[in-house]
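Residue numbers (my numbering): 57 to 754. Notes follow once the structure below has been shown.
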């Protein structure tokens, strides 16, 4: 380059090399500043229109873009020179970029020629490569570094040629990161990528939606998992991963994934550790939705199957315990038989063994623990989380302990309806409509009070199979040791029988019609034995549990010594007494009114002077003492307070009473009436005489 630069020496120890192109620009500036006419200006610009001169200007721009730009800015400030100066600036910038790109291509070609071709990640990472359990050796050997990059143990670098032809390395990120797998979600239809990187704790891998690695805002979220990404380098990392995918698209292994467990579109059944399939369909893996990774860990297998069978042998005389197992096994049958989901609710006194039996039901499929990972959860969860978890489990039982821990009674009611509907609520996101989870399964619940008591609507009774009583018997001397045995056994041995059950269903898909026929026969039998519409609605639920019991016994589950389903029918008959919650609420209110008549204006007491005696606790409403009275008017605040104290939902009770005509409707949308009570007027609910007569005659 000696012929393209001059030496400027300030002293013997300092030597600077100034590109000839900068001299040309200085000459242009000087010529324009001294020009006497337009012809002189044209001559100064014409002097640049030479191939060799333009080459020196491009070289100057590549070597010293700031100085070249500053000189052109001065030229642009001169009179009549702005258009030509801006045009020259644009030309030099484009030419410098093209020249730099060409130089980079030549340098990279030379580098690859010296190394014998594109560099594989196995070679570039060497002994620091991820272990074969994370990336198979043959896959790592086939993946190559995208052109223009270097992937090394010390990070990812962007390569470009300097003005002198040497390679300049610009760090993209401080640790190696690349794509090692691509996937298609058969549930959400999303394209996904398996990304692997090296963090402080070693190599990490995560399967994410493809958009995550294509979006500046989303890719930064991987920094939570020690990915070498930050907002400062996210754009460069995305550009690198885009080039990596384009270079290795045909080499990156492709798999099918699912964001939910249970039955899959091809007829197979997916669990975190195994996929039961009718025929081989290639690689198929579970990728939990974001935030539910810990949930997947609870559905695993551990210990000895024989130990668990010995436990069931000890429980053959306890119908609720056996029914809990059948309910757990019935979950995959809901989708297999294509019937609506349902709830099995175990209720009774505290310390009666309800939670222990729930652990037994959970142990059919996974780890029954109070802490994650676990296959059983608490009602103390948000409705959104319960819906998302139900969608992820899909064909596996959703097991929720202790209804009294629900954040609000309405949560229990709403979950009952939502779960049996089989689909969560549609919810939006910043990107549009979010994928709505769906499922076909059984919810197994426990609580001191029946789950149906959280709703005044009889519709919930048709969806809930209620089991009341002490699951391990009334004799504490027998029940306590059994509870300890269950807890001890399921802590060490779990998850075996559910897999055995599913394997039977998948292996016998050709016998589905026989299983469906048995189900229909049992359903008809239970329906014929029912005396109410609710009982007939339960027929399919009981039939599904009965089919689960028959299959379970075929594959080795000990047969009970009692008749669990006779107990279940008796329990349902008892539960039907609670079927009409609005009627029970009316009975409670009328009984209270009769016991506190003196608090109603019209039936009030009088003092010795014959004046009205105002009750110490205030008026409750108005109620005529005449024999032909038509309504009982009760203050809205008093009625709502009473209903809440009896664990009724005031809004729901009032709605049901209005629907049945037990209350007089107010004007417009009002439910209350302005009513005269002594010297004041207050809004009251008016209970009709016909409703009171219904209670008295009933």
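Virtual Cβ for every residue (Gly too), placed ideally from N, Cα, C.
Residue i, enclosing alpha helix (DSSP H) - first and last residue
i           : result
residue 559 : 552-563
residue 581 : 568-585
residue 94  : 94-102
residue 78  : 76-90
residue 607 : 595-610
residue 187 : Segment: none, residue 187 is in no alpha helix (DSSP H) and carries neither H nor E.
Nearest residue (CA-CA) to residue i, options the options
i           : options            : result
residue 455 : 432, 391, 447, 466 : 432
residue 233 : 213, 619, 711, 712 : 213
residue 462 : 451, 435, 408      : 435
residue 202 : 175, 252, 193, 187 : 175
residue 650 : 636, 638, 681      : 681
residue 746 : 656, 719, 272      : 719
residue 726 : 274, 735, 711, 734 : 711
residue 755 : 346, 379, 421      : Not covered by the structure: residue 755. The range shown for the chain is 57 to 754.
residue 613 : 588, 704, 367      : 367
residue 656 : 639, 305, 695, 280 : 695
residue 307 : 287, 335, 235      : 235
residue 542 : 377, 313, 407, 229 : 377
residue 577 : 127, 260, 602      : 602
residue 179 : 162, 669, 200      : 200
Buried/exposed call for residue i, threshold 16 Cβ in 10 Å
i           : result
residue 209 : exposed
residue 360 : exposed
residue 545 : buried
residue 737 : exposed
residue 310 : exposed
residue 92  : exposed
residue 597 : buried
residue 410 : buried
residue 735 : exposed
residue 449 : buried
residue 665 : exposed
residue 31  : Any answer about residue 31 is impossible in this case: the structure gives the chain only from 57 up to 754.
residue 741 : buried
residue 103 : exposed
residue 241 : buried
residue 485 : Residue placement at residue 485 cannot be trusted, given a pLDDT of 48 that sits under 50; what the coordinates show is reported in the next sentence. The residue in question, residue 485, is exposed, as its Cβ has fewer than 16 Cβ neighbours within 10 Å.
residue 579 : buried
residue 304 : buried
residue 693 : exposed
Beta-carbon proximity of residue i to residue j, cut-off 7 Å
i           : j           : result
residue 374 : residue 196 : no
residue 519 : residue 590 : no
residue 356 : residue 551 : yes
residue 351 : residue 263 : no
residue 386 : residue 586 : no
residue 320 : residue 391 : no
residue 503 : residue 493 : no
residue 381 : residue 453 : no
residue 627 : residue 699 : no
residue 265 : residue 246 : yes
residue 595 : residue 583 : yes
residue 429 : residue 353 : yes
residue 284 : residue 315 : no
residue 507 : residue 459 : yes
residue 130 : residue 85  : yes
residue 689 : residue 674 : no
residue 643 : residue 743 : no
residue 259 : residue 190 : yes
residue 227 : residue 237 : no
residue 558 : residue 398 : no
Boundaries of the beta strand (DSSP E) in which residue i is found, first to last residue
i           : result
residue 208 : 205-208
residue 618 : Residue 618 -> no beta strand (DSSP E), and no H or E assigned at all.
residue 227 : 223-229
residue 314 : 310-314
residue 330 : 330-332
residue 327 : 325-327
residue 198 : No beta strand (DSSP E) holds residue 198; the alpha helix (DSSP H) holding it covers 193-198.
residue 665 : It is not in any beta strand (DSSP E) - residue 665 carries neither H nor E in the DSSP assignment.
Near the ligand GTP: residue i beta-carbon under 6 Å from a heavy atom
i           : result
residue 573 : Questions concerning the ligand GTP fall outside what the structure shown contains, since it holds no ligand whatsoever.
Beta carbon proximity, residue i to chain D, threshold 7 Å
i           : result
residue 109 : Absent from the structure is chain D; it holds one protein chain and no more.
Unbroken stretches of the beta strand (DSSP E), 3 residues or longer, contained in the region 378-427: 398-403
Runs of beta strand (DSSP E) lying entirely within the region 448-506, each at least 3 residues, in chain order: 454-457, 498-503
Completely contained beta strand (DSSP E) runs for the region 669-715, where each covers 3 or more residues: 687-691
Unbroken stretches of the beta strand (DSSP E), 3 residues or longer, contained in the region 239-317: 247-255, 258-265, 310-314
Runs of alpha helix (DSSP H) lying entirely within the region 101-183, each at least 4 residues, in chain order: 107-119, 121-133, 138-171, 177-181
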